[in-house]
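Residue numbers (my numbering), protein chains in the order written: chain A, -7 to 234; chain B, -7 to 234; chain C, -7 to 234; chain D, -7 to 234; chain E, -7 to 234; chain F, -7 to 234.
Number of protein chains: 6
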Amino acid sequence: MRILIINPNSSAPMTRSIEETARRVCSSGTDITAACPPDSPLSIEGHSDGALAAYHMLRLTDQSDPADGYVVACFDDTGVDALRERLAGPVLGIGEAAMHAATMLACRFSVLTTLERSVPIIEDNAARYGLGIRCRGVHASDLPVLALEESGDDSAFSIIREAATRILKKDRSDALVLGCGGMTHFAERLGNELGVPVVDGVSTAVRFVESLIGLNLGTSKAGGYAYPREKTSPISKEDSHA
Amino acid sequence: MRILIINPNSSAPMTRSIEETARRVCSSGTDITAACPPDSPLSIEGHSDGALAAYHMLRLTDQSDPADGYVVACFDDTGVDALRERLAGPVLGIGEAAMHAATMLACRFSVLTTLERSVPIIEDNAARYGLGIRCRGVHASDLPVLALEESGDDSAFSIIREAATRILKKDRSDALVLGCGGMTHFAERLGNELGVPVVDGVSTAVRFVESLIGLNLGTSKAGGYAYPREKTSPISKEDSHA
Amino acid sequence: MRILIINPNSSAPMTRSIEETARRVCSSGTDITAACPPDSPLSIEGHSDGALAAYHMLRLTDQSDPADGYVVACFDDTGVDALRERLAGPVLGIGEAAMHAATMLACRFSVLTTLERSVPIIEDNAARYGLGIRCRGVHASDLPVLALEESGDDSAFSIIREAATRILKKDRSDALVLGCGGMTHFAERLGNELGVPVVDGVSTAVRFVESLIGLNLGTSKAGGYAYPREKTSPISKEDSHA
Amino acid sequence: MRILIINPNSSAPMTRSIEETARRVCSSGTDITAACPPDSPLSIEGHSDGALAAYHMLRLTDQSDPADGYVVACFDDTGVDALRERLAGPVLGIGEAAMHAATMLACRFSVLTTLERSVPIIEDNAARYGLGIRCRGVHASDLPVLALEESGDDSAFSIIREAATRILKKDRSDALVLGCGGMTHFAERLGNELGVPVVDGVSTAVRFVESLIGLNLGTSKAGGYAYPREKTSPISKEDSHA
Amino acid sequence: MRILIINPNSSAPMTRSIEETARRVCSSGTDITAACPPDSPLSIEGHSDGALAAYHMLRLTDQSDPADGYVVACFDDTGVDALRERLAGPVLGIGEAAMHAATMLACRFSVLTTLERSVPIIEDNAARYGLGIRCRGVHASDLPVLALEESGDDSAFSIIREAATRILKKDRSDALVLGCGGMTHFAERLGNELGVPVVDGVSTAVRFVESLIGLNLGTSKAGGYAYPREKTSPISKEDSHA
Amino acid sequence: MRILIINPNSSAPMTRSIEETARRVCSSGTDITAACPPDSPLSIEGHSDGALAAYHMLRLTDQSDPADGYVVACFDDTGVDALRERLAGPVLGIGEAAMHAATMLACRFSVLTTLERSVPIIEDNAARYGLGIRCRGVHASDLPVLALEESGDDSAFSIIREAATRILKKDRSDALVLGCGGMTHFAERLGNELGVPVVDGVSTAVRFVESLIGLNLGTSKAGGYAYPREKTSPISKEDSHA
């Protein structure tokens, strides 16, 4: 079974880090490839980066061989709905994967993301996925995505751990969701130190997509995710912009 | 990895059928056992059956060797929260597993369950899981759980297929969720005939629990699912009821 | 008119205290009996205790003479739906009674319960009853149910009063709901000292059930609370577990 | 104990009918008076009638001796919040009383009111009281309030019964809520014929207010229902409108 | 085009201040008149003031020449639904206008109103308008409406600015909504000093009503806002109160 | 004042038609330009078209002179959040403009869009804007966007009118929202024939954006819509994809 992980941003080091995590956690026999659109923003910070990335992801998948399933490795679940329309295999965002999983493990969870500007995007997603009451808070560490790579791991880890400890206490939550694909490699160590489930979206999405593929379940092609219709204009586009 | 599937009702044939499905869909290397509490109701039809079953499930798991993860094979997700408190491995109800999965595959889904009396229970669960807008309707086939076994498979299948076709059209839904553990063996055939994803909770829950186990994620022991406290009364119980 | 109050836990002293409160507040002519299932947990702290208690409550009512109405004296409203299926008279949980009453008296209310682990259960109930915006917070005093009995009344009362004062101010709420059947005897004194309505679920539920009985209104037997169906298995249970 | 029932409209026959119902269902020892503001609209059909009636109700209660508790006998719960600010005793609308009671008796209920224009008002109230999922529909009989009096009882009853039967089936609801104070006298007969609980707001509100009074619970005077502040303008009103 | 602004309270200075603001911000060609009902409360502080004001507003508009559109200049949107029934032109409350506008300008906004007792009214409105997740908090400055006039502008402005700064930070909101018609004249200066959009309901409502009039859009006369029916009682009112 | 209307699809005829409508309804002194990205899909039918269009819209506005305000002329409100981040003037989608306006004019409204696949997108938007209870239904005419141009106006108008009549009756709604920018030119005629407000998003959005510009209100630059940060990677992109 082949899973394509699409890192919406164009950071190759983060893509490699995500690929490493995914290969470590996937089932034996699963073939993982991680790719990122070279022309995408270097990191996804907000709606505008997300919209640019969605476009480049659609081009990337159009030009790639079909995989059996797909993971979108941005916690904002950028472009997931759009990809679902064009692909037959299951497509899963790491945000929805992690948040759904957290509801299976804990009464209440909190999300720790990078920047304040991503908070309303994640709140809106959580509301749309219907997880409002389960999710007691979405918080920013104020550590940008790229700084997660730059800063020595220990320094970034300390900041994340300190923020996680604080928000779990403030929110009285029983589990932590890592709200960025770039925090993937911290999940296990953080879980050990915090003593509660720490849910990483990349790992969870890979395993959930494996599950859906294994069950022969793909994206529905009968409704809102049906393939886009071929459109032929009654008026030539050349004329339109003459 | 060992997964214990608990069929809340005491129907051994249904338990065996569930076990067969689970073994067919699980990953290689997963050891599946399905069990049912012998003193539970023969089928779970409503809140009262559910409350009786929850008690017997707690006794069953207390007396069983710990597994790595657990599936509760009733679409009402009977007793799932209670089990989570007493168990360290992940515990997943087939209702939540199927409904979360359906949101990953389709814009809108409908649920087909057995009896009308289960409809508000499932509606309440869907609301609590926050899936209201994704779930366009919960419908009853009026075919009781046990009749799914009794009636020749072809007869039951025809009723289910006819009802499924009708509700997908009425609700304009893109996927069907099978709202009863006893419909498990119909999922694949139904999916082929309907041309949309047909999500079976048993299969999905098995794969999702495998996923969580594989990621070393268990039930949080720090909050609402912490182990029950030992209680010692200041007043002896004998005295209490003297 | 005869009302049976079922204390889900097996604490006889608490049951007697609840019975005393109920007899003091009920209308003249109402015959109050309080009972508790002897094999139930000593206190209801979380989902697992609640599931055990629900089972024992069903057995208790099966073995009791029918009453005209029923009160379930645990703020989690443990087993209320299950009891409604098996009983014709109205059945009311003290959680729902108190929270509905609070909306009749105040724009916004807060709940003070015992342990943190009960908070998400009560939050979920409040959401299900639709009281989200009216209920500004559910808080734990960290005083376990049984400690309410053990500690001298003055000591426990001081803790409760201090916590109540703090949360009313923090939440800017106009009324307090006592979130545990074991706090019943504090209600009047606390109301006098705080100067806002302090709603006790036991008293309120008794009076509301009296109201429904007086109006000849019982539990609907036509839908989700209809009597459980008799089930006869096509396959003998002995065979099932052979 | 003295309860004042305020019929927001100025129909004396309806006021008398409401008073009769209330006296029949109240506890012994309760002194019921029903009154209506003589200058109010003849029936409350929509927001504008409701706003006029609220004003006249405030004047009526300002000029009346204080009662121990109050019932507002319009299903729209017209003016209830305003009255709560000016009165110390509990104030209950028949809409909220009936809808809260219905959730205590049935999994799902439907409301039958008079005119289509009242439907969104009741829907908004139900949403505000948080009863959305419990209330499966609000329907109009197209029989105006005053026609309930005019038409011979048998003719109006037939229309109501026919509409009730139809909507219970369509909504698959287990209880009916009568959505108008003018339907009060039909409740018992309708309940007998339909075989499900038929909840009348007038009766229910009277008993619930009795309950709250009996528990020494009044309207909170500490927050949103505190007494209106005395206002003294820095600028004389005469000057203002000179 | 003629717009009538109705200040629900009877403060002539505030009415003049509102009129000045409106005339300053309206389009050229728009004829603005602001009026207040002379017998209304001096300020609208809570539900009771609001109910009195609604009545006087209905009388005021009944006695006024029809305008092309109407603005209700109280942030509680007092009487707006009632006015809509009796008027053909669009009617807009300053609360809804400002809150809808804020969602067009910012991801998340906070409301700053006068007194704590108005907070639940505005929260309820925001919930009814469906803005829950966009509105991160409704806060009181504890400066009553009339004090906004009395205190020298600089003193009142300092209090408002200090409160605004504090709540924007606490709520992490990107825009401020002024929750009182009496704060209108502070909007521009406050926006300059805070560096985020400061939305004033009076200005916004005037422009939005202009927009609707310009588009020939008036209040629907076909449903819940249809004109009130003429009512003729079968029984003379004289007889009713004989 | 200059407003740029961005038609997300690349249909020049539709862009011209939108521009004509906008110029007809705008205030005197407003300078309207409508443009469409030449490489965008010919019509926006679903998430994938929307994602492609969002990208091209961002490029279009990056290359255009800044306007004072912006309208996005697709009822799905495609790319609106992304544009808000990059632009200082107010940005309004025709979907949100029309749905907010409808709540100002009618108790309940229905939306008529083109294809079934757009229904869940609009439902999700309505839920996110919080208009759930006000919006009684989103319906498809099954007339694709481009067919609105192709078919003679009379033929398309007949289909729209017939569908509108049917859904207003079925939903018991008091106003109709036209759920596609391509229906703009039908609004007035349809409103005349149906006798209820027919809200067109293009016209409404133009007037609302004029309003916001006139009030000096722009997109907040302090939070979720702040300008995207400049990002400099620690690792050269060339290296990344070497």
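All C-beta atoms in this analysis are idealised placements derived from N, C-alpha and C, irrespective of residue type, glycine included.
key: alpha helix (DSSP H) runs wholly inside the region 56 to 130 of chain B, at least 4 long, in chain order   = 72 to 78, 86 to 97 and 111 to 120
request  = Let me know the secondary structure DSSP gives T13 (chain F) once reduced to three states.
outcome  = helix
key: N- and C-terminal bounds of the alpha helix (DSSP H) containing R199 (chain F)   = Run containing R199 (chain F): G193 to G206, per the alpha helix (DSSP H) assignment.
inquiry  = Which residues does DSSP list as the beta-bridge partners of R(-6) (chain A)?
reply    = In DSSP, R(-6) (chain A) forms a bridge with A:D23.
query = Straight-line CA distance for V194 (chain A) to C66 (chain B)?
reply = 29 Å
message = Under 9 Å, CB to CB, which of the residues in the region 103 to 130 of chain C have a partner in chain A?
response = Those would be E108, R109, V111, P112, I113, E115, D116, A119 and G124, in chain order.
ask   = So, using beta-carbon positions, are C127 (chain B) and S110 (chain B) closer together than 9 Å?
value = no
ask   = Sorted by chain position, which residues of the same chain lie with C-beta nearer than 6 Å to A94 (chain F)'s C-beta, five sequence neighbours on each side aside?
value = Around A94 (chain F): F101, A167, V169 and V191.
inquiry  = Under 9 Å, Cβ to Cβ, is there at least one residue of chain B near R158 (chain D)?
reply    = Cβ-Cβ to chain B under 9 Å: no for R158 (chain D).
task = Tell me, please, whether the CB atom of E180 (chain E) is closer than 9 Å to any CB atom in chain F?
result = Chain F contact via Cβ: present.
ask   = In the DSSP assignment, what residue or residues form a beta bridge with A167 (chain B)?
value = The partner list for A167 (chain B) (beta bridge, DSSP) reads B:F101.
key: Close Cβ partners of T7 (chain E) (< 6 Å) along its chain, the five nearest in sequence each way excluded   = N(-1), A26 and C28
inquiry  = According to DSSP, simplified to helix, strand and coil, what is V190 (chain F)?
reply    = strand
task = Would you please verify whether the beta carbon of H177 (chain F) is less than 9 Å from any beta carbon of chain E?
result = no
inquiry  = With the cut-off set at 9 Å, would you say S133 (chain F) and A155 (chain F) are in Cβ contact?
reply    = When the beta-carbon positions are compared, S133 (chain F) and A155 (chain F) come within less than 9 Å of each other.
message = Taking the straight line between their C-alpha atoms, what separation do you get for Y219 (chain A) and A98 (chain B)?
response = 13 Å
E77 (chain E), buried or exposed, once every other Cβ within 10 Å from all chains shown has been counted against 16 = buried
ask   = Is A148 (chain B) helix, strand or coil by DSSP?
value = helix
ask   = So, is N1 (chain C) buried or exposed, given that buried needs 16 or more other C-beta atoms within 10 angstroms?
value = buried
ask   = Which of the three DSSP states, helix, strand or coil, is assigned to A139 (chain F)?
value = helix
inquiry  = Less than 9 Å between CB atoms is the rule here; does K162 (chain A) satisfy it with respect to chain B?
reply    = no
query = So, is the C-beta of M96 (chain A) closer than 9 Å to a C-beta in chain B?
reply = Yes, its Cβ sits closer than 9 Å to a Cβ of chain B.
query = Under the rule that 16 or more other beta-carbon atoms within 10 Å means buried, what is S147 (chain E), buried or exposed?
reply = exposed
query = For A4 (chain D), which of helix, strand or coil comes out of DSSP?
reply = A4 (chain D) sits in a helix when the DSSP states are folded into three classes.
7 Å CB neighbourhood of A89 (chain D) in its chain, flanking five on each side removed = G193, T196, A197 and F200
ask   = Can you check whether the CB of R120 (chain E) is closer than 9 Å to the CB of D69 (chain D)?
value = Not closer than 9 Å, so no.
task = Count the other CB atoms, across all protein chains shown, that sit within 10 Å of the CB of G187 (chain D); report buried if there are 16 or more and exposed otherwise.
result = exposed
Simplified DSSP state of A235 (chain F), which is helix, strand or coil = Any answer about residue 235 (chain F) is impossible in this case: the structure gives chain F only from -7 up to 234.
ask   = Measuring CA to CA, which of A:G129, A:I(-3), A:S56 and A:G87 is closest to I24 (chain A)?
value = A:I(-3)
key: CA-to-CA distance, I205 (chain B) to G173 (chain B), given in whole angstroms   = 22 Å
message = Judging by CA-CA distance, which residue of F:H39, F:A74, F:L140 and F:L79 is the nearest neighbour of S56 (chain F)?
response = F:L79
query = From A179 (chain F) to G124 (chain F), what does the alpha carbon distance come to, in whole angstroms?
reply = 23 Å
ask   = Got a sec? Which residues, its chain only, sit under 7 Å from P189 (chain B) by beta carbon, not counting five neighbours each side?
value = L97, A98, A167 and G183
query = Roughly how many angstroms lie between the CA atoms of T106 (chain E) and G38 (chain E), to the nearest whole one?
reply = Within the model, the alpha-carbon separation for T106 (chain E) versus G38 (chain E) is close to 11 Å.
task = Measuring alpha carbon to alpha carbon, tell me which of B:S35, B:A74, B:V130 and B:R16 ends up nearest D54 (chain B).
result = Closest option to D54 (chain B), Cα to Cα, is B:A74.
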